[in-house]
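One structure is given here, and the rest of the page talks about it.
2 protein chains.
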Amino acid sequence: MTVPLFDTLAIIGPGLIGSSIARAARAARAQNAVRSIVATARSPKTRARVVELGLADRVVDTNAQAVEGADLVIVCVPVGACGAVAKEIAPHLKAGAVVSDVGSVKASIVRDMGRHLPSTVNFVPAHPVAGTEHSGPDAGFAELFENRWCILTPPEGTDPEAVAKLAAFWRLLGANVEVMTPEHHDLVLAVTSHLPHLIAYTIVGTADELESVTRSEVLKFSAGGFRDFTRIAASDPVMWRDVFLNNKDAVLEMLGRFNEDVAALTKAIRRGDGAALEEHFIRTRAIRRGVIEAGQDTPAPDFGRPHGHEE
Amino acid sequence: MTVPLFDTLAIIGPGLIGSSIARAARAARAQNAVRSIVATARSPKTRARVVELGLADRVVDTNAQAVEGADLVIVCVPVGACGAVAKEIAPHLKAGAVVSDVGSVKASIVRDMGRHLPSTVNFVPAHPVAGTEHSGPDAGFAELFENRWCILTPPEGTDPEAVAKLAAFWRLLGANVEVMTPEHHDLVLAVTSHLPHLIAYTIVGTADELESVTRSEVLKFSAGGFRDFTRIAASDPVMWRDVFLNNKDAVLEMLGRFNEDVAALTKAIRRGDGAALEEHFIRTRAIRRGVIEAGQDTPAPDFGRPHGHEE
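Same order as they appear, the protein sequences are chains A and B. With this note's numbering, letter number 200 in the first sequence gets 236, and the count goes up by one each step, no holes. With this note's numbering, letter number 108 in the second sequence gets 144, and the count goes up by one each step, no holes.
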């Protein structure tokens with residue numbers, strides 16, 4: 037039997053992402069990702085559910101207990117809560133441990149967690165770009181990270197060996213790994229994730245406030261495009277509140293550019309400029325092909341949504 | 037054997053929607069939707085493909101030939117081309133025939149087709165609210181309309197019996213049917229379909245024009261939300277150009293409201309007003325539940341996108 041990559045993995049906050057890490061790490065056991073998993077959650081109800089689901093070898097009551105002796109600690113709580121968790125666990129961390137997270141924003145995490153963590157541990161922030169619109173420990177599944185990207189944003193001076201070890205861990209879970217600066221991460225995600233979510237949240241709200249169209253009509257006729265926005269706008273409210281509060285500058289920058297582009301298309305519609313509209317729509321269609329070629333979506337129409345009466 | 041609802045069905049333009057009608061009507065044959073299907077397309081290549089796919093009993097070269105003797109004529113071409121087709125087929129229509137379409141805009145269709153059609157036929161405009169991001173005769177499938185809504189917008193004075201017959205036809209194809217005025221249809225669809233498409237087209241263009249983030253990065257990290265927009269922004273460019281040109285007022289009205297809501301959320305982000313953001317996100321999550329309860333999407337996370345390496 038070969039030595040596991042990390043002996044003990046501690047997961048703080050086994051929600052959609054945290055519980056998927058636990059499931060994937062267990063599925064990867066044959067390949068020796070970790071020997072043992074310990075988990076904890078703030079709410080007793082979640083802890084009880086994690087026990088029921090058998091997601092960890094041990095479920096403990098406090099963050100301090102969870103990290104005691106752990107070789108890899110992954111903090112899976114909303115971005116805004118990461119600093120407080122880092123402060124709480126700092127005195128209990130094992131020397132040489134790798135400490136990571138899964139936050140959708142990285143510069144603020146580096147700042148908020150980094151200042152509390154002792155120099156005896158290796159802090160390697162991470163962001164697996166994967167998820168669904170569901171949340172909680174029941175929503176996770178072992179395949180969530182397969183063929184998705186996990187971005188690592190180690191602060192300057194981080195031990196390269198710790199980065200390599202965490203990268204190997206994520207690869208065992210099925211992910212591809214990329215390393216970049218926290219600042220660049222926040223800019224890239226502002227456009228590929230944060231702006232789309234903000235726009236989806238907006239448009240779903242807009243539709244809900246019309247006097248001329250009833251909510252029942254909005255729901256019934258949502259298959260024309262609206263339903264795809266509702267899925268995105270169903271994502272965890274607290275998680276997303278924290279994303280926008282912590283990546284304010286990049287999101288506002290992208291919003292500014294988006295507004296300019298909305299104005300340009302609005303003008304084309306107002307003027308009846310069909311050529312400008314068609315040219316734009318042909319260009320964006322090509323980008324869809326790029327997403328599929330990059331392996332980030334299935335070419336099946338409608339994502340293979342079932343169309344029969346059984347749905 | 038019972039008498040079919042319509043003896044001969046003529047489909048002009050068997051693309052995604054037209055070919056799905058042909059497939060669904062054949063699947064519904066046991067229930068006697070139609071006895072025979074004749075199809076035509078403008079391009080010889082498409083006509084040859086329709087023959088190869090065996091979608092119709094007869095494939096003819098011209099619109100005039102197609103409607104000759106047909107009891108139900110469904111025009112399945114982009115909204116902007118419907119008027120010209122109506123003009124062309126008008127002299128060849130059988131007295132008593134039902135003439136319909138599948139356009140995503142209805143007031144302009146009533147105006148553009150209506151003025152050419154003789155009073156000897158029954159004009160019942162229709163819009164099946166269903167589709168995928170693919171187009172062409174290969175993209176269609178028989179189940180496309182199952183449990184989706186088909187909206188009929190008969191002009192004032194239309195024979196109620198013709199409306200009832202077309203409604204029965206769509207129900208045999210699996211759809212639910214609703215009747216409303218063309219003007220109300222255009223308002224409802226502006227918010228549930230046209231605005232979402234315009235926004236998706238915009239945001240995909242915005243992402244493609246950044247200097248600070250490469251196209252390769254946009255594609256790789258698209259699973260964070262962006263990929264869902266690329267699907268919508270991959271829809272047929274000509275069809276969508278025509279939708280925006282022909283539903284200008286309602287789309288501009290919805291865009292105005294959307295812009296106000298973007299401004300409100302932007303302000304909340306700029307001010308760091310987490311409570312306002314969270315409150316908004318909790319509200320939109322509830323609407324997602326409504327879409328699923330209305331049977332217009334599957335509750336499977338990510339639309340049941342495959343997550344394994346096989347994708």
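From the three backbone atoms N, C-alpha and C, an ideal C-beta is built for every residue, glycine too.
Rounded to the nearest angstrom, the gap between the Cα atoms of V113 of chain B and P50 of chain B is 8 Å.
Taking K303 of chain A as reference, the option from B:L225, B:L281, B:G310 with the minimal CA-CA separation is B:L281. Counted as a single uninterrupted DSSP element, the alpha helix (DSSP H) harbouring C118 of chain A occupies residues 118-125.
DSSP lists B:T44 as the bridge partner or partners of S72 of chain B. If you draw a straight line from the Cα of T242 of chain A to the Cα of T320 of chain B, it comes to about 10 Å. Residues of the region 40-71 of chain A with a C-beta atom less than 8 Å from some C-beta of chain B do not occur.
With a 10 Å radius around the Cβ and a threshold of 16 neighbouring Cβ atoms, R324 of chain B comes out buried. Under the Cβ criterion of 8 Å, L188 of chain B is not counted among the residues facing chain A. Rounded to the nearest angstrom, the Cβ distance from P218 of chain B to P173 of chain B is 28 Å, too far for a contact under 8 Å. Counting C-beta atoms within 10 angstroms of its own C-beta, A166 of chain B has 16 or more neighbours from the protein chains shown and is therefore classed as buried. Residues of the same chain with a CB within less than 7 Å of the CB of P191 of chain B, apart from the 5 flanking positions on each side, are V146, G150, F159 in chain order. Of all C-beta pairs linking the region 285-300 of chain A to the region 239-257 of chain A, fewer than three are shorter than 8 Å, placing the two stretches out of contact. L255 of chain B belongs to the set of residues whose beta carbon lies under 8 Å from a beta carbon in chain A. By alpha-carbon distance to H170 of chain B, the top candidate from B:E314, B:N68, B:I268 is B:I268. For A236 of chain A, the closest alpha carbon among the candidates B:D43, B:L301, B:G310 is that of B:L301. C-alpha of A63 of chain B to C-alpha of I187 of chain B: approximately 21 Å in a straight line. Excluding its 5 nearest sequence neighbours in each direction, V213 of chain A has C-beta neighbours in its own chain below 7 Å: C186, L188, A203, W206, R207, listed in chain order.
Exposure of A84 of chain A is indicated by the presence of fewer than 16 other C-beta atoms within 10 angstroms of its C-beta. Annotated three-state conformation of N212 of chain B is strand, per DSSP. Around V240 of chain B, the beta-carbon contacts reaching into chain A at under 7 Å are T320, I323. Among the residues of the region 151-174 of chain A, those with a Cβ less than 8 Å away from any Cβ of chain B are V165, A166, G167, T168, E169, H170, in the order of the chain. Those residues of the region 326-338 of chain A placed with their C-beta closer than 8 Å to a C-beta in chain B are G326, V327, E329, A330, G331, Q332, D333, T334, P337, D338, ordered along the chain. Cβ neighbours of D93 of chain A within its own chain (closer than 8 Å, five residues either side excluded): S72, I73, V74. Taking 8 Å as the cut-off, the Cβ atoms of L223 of chain B and L291 of chain B do not count as close. For V96 of chain A, the three-state secondary structure derived from DSSP is coil.
According to the DSSP assignment, P164 of chain A belongs to no alpha helix (DSSP H) but to the beta strand (DSSP E) extending over 162-165. Chain order gives the chain A residues near S248 of chain B as L223, where near means a beta carbon separation below 7 Å.
Setting aside the 5 residues that flank it on each side, T194 of chain B is surrounded in the same chain by N158, F159, V160, each with a C-beta closer than 8 Å to its C-beta; the list follows chain order.
Take K142 of chain B, set aside five residues on each side of it, and the residues of its chain with a beta-carbon closer than 7 Å to its own are P161, H163, T189, P218, H221, D222, in chain order.
With respect to I47 of chain A, V121 of chain A sits apart: the two C-beta atoms are not nearer than 8 Å.
Around the beta-carbon of T156 of chain B, fewer than 16 other beta-carbon atoms lie within 10 Å, marking it exposed. Taking a cut-off of 8 Å on C-beta distances, the region 304-315 of chain B touches the region 273-289 of chain A, as three or more cross pairs fall below it. With at least 16 other beta carbons inside 10 angstroms of its own, E182 of chain A counts as buried.
DSSP places V146 of chain B within a helical segment (H, G or I) once states are collapsed to three.
In the DSSP assignment, D137 of chain B forms a beta bridge with B:V111. The Cβ atoms of A178 of chain B and T168 of chain B lie no closer than 8 Å to each other.
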